[in-house]
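J.:
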Amino acid sequence: EAGVAQSPRYKIIEKRQSVAFWCNPISGHATLYWYQQILGQGPKLLIQFQNNGVVDDSQLPKDRFSAERLKGVDSTLKIQPAKLEDSAVYLCASSLERGGNQPQHFGDGTRLSIL
Amino acid sequence: QKEVEQDPGPLSVPEGAIVSLNCTYSNSAFQYFMWYRQYSRKGPELLMYTYSSGNKEDGRFTAQVDKSSKYISLFIRDSQPSDSATYLCATRVMDTGRRALTFGSGTRLQVQP
Chain A
71 EAGVAQSPRY KIIEKRQSVA FWCNPISGHA TLYWYQQILG QGPKLLIQFQ
121 NNGVVDDSQL PKDRFSAERL KGVDSTLKIQ PAKLEDSAVY LCASSLERGG
171 NQPQHFGDGT RLSIL
Chain B
502 QKEVEQDPGP LSVPEGAIVS LNCTYSNSAF QYFMWYRQYS RKGPELLMYT
552 YSSGNKEDGR FTAQVDKSSK YISLFIRDSQ PSDSATYLCA TRVMDTGRRA
602 LTFGSGTRLQ VQP
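Protein chains in written order, with my numbering: chain A, 71 to 185; chain B, 502 to 614.
Next comes the structure, spelled out in structure tokens:
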């Protein structure tokens with residue numbers, strides 16, 4: 071099966087600019103996650119979608135970050151305005167919606183550098 | 502204090518060695534335990550997961566969980582240069598709605614040929 075697709079792979083912007091990332095999850099996966107991975111750290115959840123509804127956005131900096139998942143498939147994550155501390159890899163993951171611990175499958179991420 | 506602690510390494514071993522990677526966690530609500538492997542400039546790839554104390558084996562990999570001491574381990578037998586990567590432990594609570602993974606910071610492993 072095709073994996074989680076993300077674009078772009080790399081993005082360089084100046085602080086205070088805006089940026090958007092796109093994610094296409096594995097076909098049939100109802101749950102979609104955005105994680106932020108800062109260099110030398112493990113990924114940290116930003117937001118979890120169940121179909122097109124938000125389940126958990128408790129760690130999303132809502133003053134500058136926004137995300138949507140239209141039609142319960144693709145998702146976009148936006149940062150506006152960007153700060154230097156937003157330099158990180160933004161990972162998208164998806165999982166089936168069933169009982170038990172359905173594994174989360176990750177894309178290769180978008181590497182964001184803020185100048 | 503971080504919820505999941507992991508030694509960042511780097512850990513350098515010769516080819517064929519047995520590798521032991523470890524994490525500790527503080528939240529008793531964590532019930533699922535996973536190990537991910539992450540190659541440079543790639544996303545994390547799930548290696549193993551378990552929800553019970555004890556050992557789970559898959560080929561050269563063995564995951565071990567001790568809930569009483571809040572300690573999780575990954576053993577790699579007959580390590581290969583292709584095992585060189587960062588290994589991330591991850592946990593989550595059994596809440597059926599919120600499924601956020603809490604990760605350790607990762608241990609970088611280098612297997613020397």
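Each residue gets a CB set at the ideal place from its N, CA and C atoms; glycine is no exception.
Counting only Cβ-Cβ distances shorter than 7 Å, please list the residues of the region 114–137 of chain A near chain B, keeping chain order.
T.: Residues L115, Q118, V125 and D126.
J.: Note down, in chain order, each residue of its chain lying with its Cβ closer than 7 Å to the Cβ of B/V505, except the 5 sequence neighbours on either side.
T.: Correct list, in chain order: C524, Y526, C590, T592, T603, F604 and G605.
J.: Determine the chain B residues that contact A/Q111 at a beta-carbon separation under 7 Å, and present them in chain order.
T.: Result: S606.
J.: Can a CB atom of chain B be found closer than 7 Å to the CB of A/G142?
T.: No, because no Cβ of chain B sits closer than 7 Å to the Cβ of A/G142.
J.: Does B/L547 have its Cβ less than 7 Å from a Cβ in chain A?
T.: So yes, B/L547 belongs to the interface.
J.: Of all the CB atoms in chain A, is at least one closer than 7 Å to the CB of B/L522?
T.: So, not an interface residue.
J.: Could you give the uninterrupted runs of the alpha helix (DSSP H) lying entirely in the region 548–602 of chain B, keeping only those of 4 residues or more?
T.: Counting only runs of 4 or more, we get nothing.
J.: On the three-pair Cβ rule with 8 Å, is the region 607–614 of chain B touching the region 503–521 of chain B?
T.: Verdict: yes, contact present.
J.: Within the same chain, show all residues whose beta-carbon is closer than 7 Å to that of B/G517, passing over the 5 residues directly before and after it, in chain order.
T.: The residues are D579 and S580.
J.: Tell me the DSSP bridge mates of A/H175?
T.: Beta-bridge pairing links A/H175 to A/S164.
J.: Using a Cβ-Cβ distance under 7 Å, would B/L575 count as near chain A?
T.: Judged by the 7 Å Cβ criterion, B/L575 is not in contact with chain A.
J.: Mind checking A/I149: buried by the 16 CB within 10 Å criterion, or exposed?
T.: Buried is the call here.
J.: So A/A158 packs on A/L182, CB below 8 Å; how close in whole Å?
T.: With 8 Å as the limit, A/A158 and A/L182 qualify as a contact, their Cβ atoms being about 6 Å apart.
J.: So A/D126 is in the beta strand (DSSP E); what residue range does that whole segment cover?
T.: Taken as a continuous stretch (DSSP letters only), the beta strand (DSSP E) holding A/D126 covers G123 to D126.
J.: Contact between the region 72–80 of chain A and the region 122–137 of chain A is defined here as three or more beta-carbon pairs at a separation below 8 Å; is this criterion met?
T.: They do not touch, by the three-pair rule.
J.: Taking A/L115 as the reference, give the member of A/Q174, A/S97 and A/I184 with the closest Cα.
T.: The option with the nearest alpha carbon to A/L115 is A/Q174.
J.: DSSP on B/E506, reduced to helix/strand/coil?
T.: Strand, per DSSP.
J.: Is the separation between the beta-carbon of A/N121 and that of A/A137 shorter than 7 Å?
T.: No, Cβ-Cβ distance for A/N121 and A/A137 is not below 7 Å.
J.: Sort A/D156, A/G123, A/K85 and A/G98 by Cα distance to A/I108 and report the nearest one.
T.: For A/I108, the nearest C-alpha among the options comes from A/D156.
J.: Can you name the residues of chain A whose CB is closer than 7 Å to the CB of B/G598?
T.: Going along chain A in sequence order, the residues near B/G598 (Cβ under 7 Å) are V125.
J.: Give the straight-line distance between the Cα atoms of A/I83 and A/F176, rounded to the nearest whole angstrom.
T.: Near 24 Å, if we compare the C-alpha coordinates of A/F176 and A/I83.
J.: In the DSSP assignment, find the unbroken beta strand (DSSP E) run with B/L512 in it and report its ends.
T.: Its beta strand (DSSP E) spans residues L512 to P515.
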